[in-house]
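One structure is given here, and the rest of the page talks about it.
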Ligand SMILES: [Zn+2]
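Residue numbers (the UniProt record's numbering): 1 to 122.
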């Protein structure tokens, strides 16, 4: 788990997408708000090592304006987008695997039935 800071109130928390205990903001619940999730990811020790994260948290708590690195924000947003792709495309291979499993079972049953009837033959 990574140390993070709430983008709304500046409260310290563990994990970028964990709900904030201070203001209740839960970035993970905002599925379509990638910018909010990107900002939440940016405000973690992963992107802001050392005292930077603490400093930004202090600023937000004081109500001071915080500037986000636009380039980094764009990169994180892109990362979020690309990470989402395999989740979406995972459902179709999963479906065909289930379909092929059913086809396979039916084939085994058909072959078994054929063998049984041949063994029982005249
Ligand atoms: Zn908060």
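Think of the CB as a built atom: it goes at the ideal place given N, C-alpha and C, for glycine as much as any other residue. As the structure is a prediction and not an experimental result, all values here were calculated from the model.
query                                                                      : result
Secondary structure of residue 104, DSSP reduced to three states           : helix
Distance cut-off 8 Å: residue 42 Cβ against heavy atoms of ligand 1        : no
Proximity below 9 Å, CB of residue 44 to CB of residue 4                   : yes
Buried versus exposed, by CB contacts within 10 Å (16 or more), residue 91 : Here the model assigns residue 91 a pLDDT of 41, short of 50, so the residue's position is not dependable, and the following value carries that caveat. Exposed, by the Cβ-count rule.
Collapsed DSSP secondary structure at residue 3 in the structure displayed : strand
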